[in-house]
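Contents: one structure, followed by commentary.
In our numbering, the protein residues as written are 50 to 237.
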């Protein structure tokens, strides 16, 4: 298991060890000891899975506000996503910057999305299954998000007319909210 460099501060893009043979493959999709060795010390408390029937589904950009902000560990079980994170931590060297990652069931990569980041993804193929761990329980009173097509971020999504939930279609632009997080230096 190793990390691949990411351009946003505190983000970890992880490539696990995958062992292939004539039957298929084996991998450890979660190993607390190995993740600690990579500087990931979160105690995950909830697992979530989403299934998207179609290609071109966008989910996000989501986050949970303090005091229930969440760190997420995201992976694709089947299919492929264009995964996007946006740094909303005021004072961060990468504040309001975004980065995309390709996560697929074939590349097995994981993405650690720190607290203070908005997260969303676009499915690239039908029947995509995304699984993620979070270090805080879901709390509807802290649930929030920003519009996937916010011009202030100019995210280069791979679709122009996505399939959205009603809720995601109504998310505000970042300038219409007061939602941001305070950047805190981390020692790793």
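We put the CB at the ideal spot given by N, CA and C, even for glycine.
Checklist entry - With DSSP run on the structure shown, which of helix, strand or coil describes residue 86? => result helix
Item to check | Touching by the beta-carbon criterion (3+ pairs, under 8 Å), the region 142 to 161 and the region 51 to 61 | outcome: yes
Item to check | Beta-ladder partner(s) of residue 22, from DSSP | outcome: What is shown of the chain runs 50 to 237, which leaves residue 22 out entirely.
Item to check | Cβ-based neighbour list, residue 123, same chain, cut-off 7 Å, excluding 5 preceding and 5 following | outcome: 132, 152, 159, 160, 162, 179 and 181
Item to check | Range of the contiguous alpha helix (DSSP H) that encloses residue 217 | outcome: 215 to 218
Checklist entry - Buried or exposed: residue 185, going by 16 or more other Cβ atoms within 10 Å of its Cβ? => result buried
Next on the checklist: Here's the rule: buried if 16 or more other CB atoms are within 10 angstroms of the residue's CB, otherwise exposed. What is residue 72?
Outcome noted: exposed
Item to check | Buried or exposed by the 16-neighbour rule on C-beta atoms within 10 Å, applied to residue 227 | outcome: exposed
Checklist entry - For the region 209 to 225 against the region 102 to 112, are there 3 or more C-beta pairs whose distance is under 8 Å? => result yes
Item to check | Buried or exposed by the 16-neighbour rule on C-beta atoms within 10 Å, applied to residue 68 | outcome: exposed
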